[in-house]
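Q:
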Amino acid sequence: MITNTRGFLWSDLETRALLEIWGEADVQSALDGNFRNSHVYRDVACRLAELGFERTPEQCRIRIKGLKRQYYQAREGLKKNGHARKICKYYDEMDRILSGRAGAAGLDDRPLSPAAGGEPGCRRRQQQQHPGALAASAILAAAASAAPPSARPGGALLREVDAEEEDEDELDEEGGELLESPPRDNFHEESGECSSYAEHAIKVECPPFAIPLPPAEGFKQINAHTNAPPLLSQAKRSKKRHANLTLDKMMEKFLQQSMDTEEKFYKYEEQRLKIEDKRREAEHARELQMLQMLGQMLAGISSTVSQRSQYIPSNPSQRSNHRSYGDNFNFNSMSTSLSPPIVIERSFSVHKTHSVKEMENIFQLVRNVIPPLTAKKHKGQDGRIGIIGGCQEYTGAPYFAAISALKVGADISHVFCTKDAATVIKSYSPELIVHPVLDSPDAVHEVEKWLPRLHSVVIGPGLGRDDVLLENAKGIIEKSKVKGIPIVIDADGLWLIAQQPSLIQGYPRAILTPNAMEFSRLYEAMLRDPVDSNDHHGCLLRLSQALGNLTIVQKGERDLISDGEKVLVCSHEGSSRRCGGQGDLLSGSLGVLAHWAFLAGPEKTNGQNPFLVAAFGACSLTRQCNNQAFQKCGRSMTASDMVLEIGAAFNKLFET
Numbered sequence: 001m002i003t004n005t006r007g008f009l010w011s012d013l014e015t016r017a018l019l020e021i022w023g024e025a026d027v028q029s030a031l032d033g034n035f036r037n038s039h040v041y042r043d044v045a046c047r048l049a050e051l052g053f054e055r056t057p058e059q060c061r062i063r064i065k066g067l068k069r070q071y072y073q074a075r076e077g078l079k080k081n082g083h084a085r086k087i088c089k090y091y092d093e094m095d096r097i098l099s100g101r102a103g104a105a106g107l108d109d110r111p112l113s114p115a116a117g118g119e120p121g122c123r124r125r126q127q128q129q130h131p132g133a134l135a136a137s138a139i140l141a142a143a144a145s146a147a148p149p150s151a152r153p154g155g156a157l158l159r160e161v162d163a164e165e166e167d168e169d170e171l172d173e174e175g176g177e178l179l180e181s182p183p184r185d186n187f188h189e190e191s192g193e194c195s196s197y198a199e200h201a202i203k204v205e206c207p208p209f210a211i212p213l214p215p216a217e218g219f220k221q222i223n224a225h226t227n228a229p230p231l232l233s234q235a236k237r238s239k240k241r242h243a244n245l246t247l248d249k250m251m252e253k254f255l256q257q258s259m260d261t262e263e264k265f266y267k268y269e270e271q272r273l274k275i276e277d278k279r280r281e282a283e284h285a286r287e288l289q290m291l292q293m294l295g296q297m298l299a300g301i302s303s304t305v306s307q308r309s310q311y312i313p314s315n316p317s318q319r320s321n322h323r324s325y326g327d328n329f330n331f332n333s334m335s336t337s338l339s340p341p342i343v344i345e346r347s348f349s350v351h352k353t354h355s356v357k358e359m360e361n362i363f364q365l366v367r368n369v370i371p372p373l374t375a376k377k378h379k380g381q382d383g384r385i386g387i388i389g390g391c392q393e394y395t396g397a398p399y400f401a402a403i404s405a406l407k408v409g410a411d412i413s414h415v416f417c418t419k420d421a422a423t424v425i426k427s428y429s430p431e432l433i434v435h436p437v438l439d440s441p442d443a444v445h446e447v448e449k450w451l452p453r454l455h456s457v458v459i460g461p462g463l464g465r466d467d468v469l470l471e472n473a474k475g476i477i478e479k480s481k482v483k484g485i486p487i488v489i490d491a492d493g494l495w496l497i498a499q500q501p502s503l504i505q506g507y508p509r510a511i512l513t514p515n516a517m518e519f520s521r522l523y524e525a526m527l528r529d530p531v532d533s534n535d536h537h538g539c540l541l542r543l544s545q546a547l548g549n550l551t552i553v554q555k556g557e558r559d560l561i562s563d564g565e566k567v568l569v570c571s572h573e574g575s576s577r578r579c580g581g582q583g584d585l586l587s588g589s590l591g592v593l594a595h596w597a598f599l600a601g602p603e604k605t606n607g608q609n610p611f612l613v614a615a616f617g618a619c620s621l622t623r624q625c626n627n628q629a630f631q632k633c634g635r636s637m638t639a640s641d642m643v644l645e646i647g648a649a650f651n652k653l654f655e656t
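Structure below.
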């Protein structure tokens, strides 16, 4: 049996589904020929469950019974004053179903016996079965018409007869009687509807002997063998005096109150859900603020002892207290110790050979996440990268980001730019797929269609600061967050984040790549303080924590990388030449490595943040390209020369 989950109230959709099932020909045939209708209503409940409404067979039976009572009352009201639609909402459906059945049916879907169709037959049957029934009925009628309620000698008998009627009605519901009792004037909580007050013949069980009544004032002794029909008509007339039109108004009022109560319930429930959402948002904001304050406190404690930690000997016995993720590679988490974050440097200096050994571990992590080249792979499996940027003034930046992604190992690069920049960017390289949609009115929708096919997006190279382009970039960031795509934000994308930090705050799959000026703008926007030039590590940690522990790559003489818990320092040898477009190479290659590291899982990254590993690999690769291009071109080196060195630099760092 299906568990009831809805209570006793029936919705309009649920009631109409029940009537549609109950009115089917096979169900009506089964109700006409089945002795125990519980089996039929069990089938009705199963069909209702297939439509998504969980109701028990008993609830279905009671609901149908209540609707039939409303229908009979409405039919009587239609004959009298034409208020059927006010009493029975589903009058047309019930009339169609009940009119199509052969003969009249009772409330439990069984045809009434001929004796129940009229009063004379009913009287004859009572006379045959109970010889003393007429006498008892006459006594009851006389007592009801002559005595007040408090002084009626037959009051107890009337209550007994009412109790017997209720017992017989229960038997009728179980299929035990063929003669149906009319609907009682009460309210059924299970059906969710008011019962009808229509007038019907009432079956009265009388004892087989006359009940003697003591003579009293206002009473007349009646012989049991007196002619009974006039007394029965008197009893019937006294019953009619209880039915009047005020009951129709009561029915209408009950129905209206039921509808108002249900409407108020749903309205209060909606208000409660809104209040609950606001409460959760407030709790989340308080927790985030507390975490930021805690991070700032810990970072301040760490910065006070950062100078002393640089002179601590790095022999194995002293490093044994730190948490180790490799043979010679250590991270020190902010959450487990008050000591300053471990600063990891990449250097090929002959005088610091121990640093080379320590850094080989993180390079091994980068090598682990690089997917192998096999013949079983298909196009696009090793990376499909999207570049969001490119306008009339800036066409080179999106090209450098997209072509560097291809050179690192991505299979496909898409560039989503403005219409007037598309032709120029296409002319740079035939390998790029260019979409001139960024300045169109439905740019967000056009880019959203491609997001399920992209593994990561790079937002900002050549974007510009036009309000339309920035608004479209904002919408693309929101759509990418919903789909859980790694996002690399650079250049003018960082200017957008500085204006609206909440746009990316708390999204753990975002990587920011600011230079010195962009970092200062972000820091002041989030922490309302200027950057401390003497504490670069602490400032980087505080900014990352304020943004929800995002991965931040602060470009400079040494690249600082942090996720709010630890700081990596990439001091791989580059050159003194800083050409325009070098940051676009970094963001494009980082988009590919971020996808590879995220796809590899914690097994390949030794439990480390995959975006830290990807950022360190991209910084080292960009510096190596700069070094190799400078050795060949010297002062005349450009970003195009660095692009030509990506393949050789990648092989030297990660595949040899």
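When the letters of the sequence shown are read in order and numbered with the UniProt record's numbering, they come out as residues 1 to 656. Quick reminder that beta carbons are idealized off the backbone N, C-alpha and C, glycines included. As the structure is a computational prediction, the values presented were derived from the model and not from experiment.
To which residues does DSSP link V553 through a beta bridge?
A: I561
Q: Which of helix, strand or coil does DSSP assign to R96?
A: helix
Q: Just mark K555 as buried or exposed, buried being the case when its beta carbon has 16 or more other beta carbons within 10 Å.
A: Buried, since its Cβ has 16 or more Cβ neighbours within 10 Å.
Q: Name the two residues that bound the continuous alpha helix (DSSP H) containing G66.
A: That run of the alpha helix (DSSP H) goes 57-80.
Q: Quick check on DSSP: helix, strand or coil for S456?
A: S456 falls in the strand class under three-state DSSP.
Q: State the DSSP-derived secondary structure class of G601, mapped to helix, strand or coil.
A: coil
Q: Among D92, E518, G460, G574, which residue has its Cα nearest to the Cα of Y399?
A: G460
Q: Could you tell me which whole alpha helix (DSSP H) segments of length 4 or greater appear in the segment 409-487?
A: 419-428, 443-448, 467-483
Q: Rank L298, N626, G588 by C-alpha distance to the C-alpha of M642 and give the top, closest one.
A: N626
Q: Use the C-beta contact count for D529: other C-beta atoms within 10 angstroms, 16 or more gives buried, fewer gives exposed.
A: exposed
Q: Look up C570 in the DSSP assignment and say whether it is helix, strand or coil.
A: strand
Q: Determine the DSSP secondary structure at L512, reduced to helix, strand or coil.
A: strand
Q: Give the straight-line distance between the Cα atoms of C391 and T551, rounded to the nearest whole angstrom.
A: 27 Å
Q: Report the three-state DSSP secondary structure of R384 (helix, strand or coil).
A: Three-state DSSP puts R384 in a strand.
Q: Quick one: grab the DSSP three-state call for I489.
A: strand
Q: Quick one: what does DSSP say N368 is sitting in, helix, strand or coil?
A: N368: helix per DSSP, three-state reduction.
Q: In this structure, does DSSP put residue 708 in helix, strand or coil?
A: Residue 708 falls outside the range modelled here, since the chain spans only 1 to 656, and no answer is possible.
Q: Using alpha carbons as the reference points, say which of I511, S258, V444, K481 lies closest to L12.
A: The sequence given here places Asp at residue 12; Leu does not occur at that position. Taking only the C-alpha atoms, the option nearest D12 is S258.
Q: With a Cβ-Cβ cutoff of 9 Å, do V488 and S413 count as a contact?
A: no
Q: Count the CB pairs spanning the segment 570-580 and the segment 442-453 that are closer than 8 Å, and state whether there are at least three.
A: no
Q: State the Cα-Cα distance for the pair A282 and L288, rounded to the nearest angstrom.
A: 10 Å
Q: Compare the Cα-Cα distances from D490 to each of K253, G475, F519 and report the closest residue.
A: Of the candidates K253, G475, F519, F519 places its Cα closest to the Cα of D490.
Q: Note down the Cα distance separating L512 from R272, rounded to an integer number of angstroms.
A: 39 Å
Q: Following the continuous alpha helix (DSSP H) through L51, name the residue where it begins and the one where it ends.
A: If you look at L51, you'll find it isn't in any alpha helix (DSSP H); DSSP assigns it neither H nor E.
Q: Which residues in the same chain have their Cβ closer than 7 Å to the Cβ of K479, if we skip the five residues on either side of it in sequence?
A: V444, E448, L451
Q: Please report the residue range of the alpha helix (DSSP H) in which R577 lies.
A: Counting along the chain, R577 falls outside any alpha helix (DSSP H), and DSSP gives it neither H nor E.
Q: In or out: E50 buried (at least 16 other Cβ within 10 Å) or exposed?
A: It counts as exposed.
Q: Let's see if you can read the secondary structure: which residues bound the alpha helix (DSSP H) around V643?
A: 639-644
Q: How would you call Q70, buried or exposed, if buried means at least 16 neighbouring beta carbons within 10 angstroms?
A: buried
Q: Which residue's Cα is closest to the Cα of A410: A421, K426, C633, H378?
A: H378
Q: Which same chain residues end up closer than 6 Å to G155 when comparing Cβ atoms and leaving out the 5 residues on each side of it in sequence?
A: Below a pLDDT of 50, predicted positions are generally treated as unreliable, and G155, at 41, falls in that range; no measurement from the model is reported.
Q: Whose C-beta lies closer than 6 Å to the C-beta of N609 among residues of the same chain, with five residues either side of it excluded?
A: D563
Q: With burial defined as no fewer than 16 other Cβ atoms inside 10 Å of the residue's Cβ, what is the status of M250: buried or exposed?
A: exposed
Q: Are the beta-carbon atoms belonging to H595 and G383 less than 9 Å from one another?
A: yes
Q: On the CB-based measure, 16 or more other CB atoms within 10 Å of its CB, does S589 come out buried or exposed?
A: Buried, because 16 or more other Cβ atoms sit within 10 Å of the Cβ of S589.
Q: Apply the 10 Å Cβ neighbour rule to K65 and answer buried if 16 or more other Cβ atoms are within range, or exposed otherwise.
A: The C-beta of K65 has 16 or more other C-beta atoms within 10 Å across all chains shown, which makes the residue buried.
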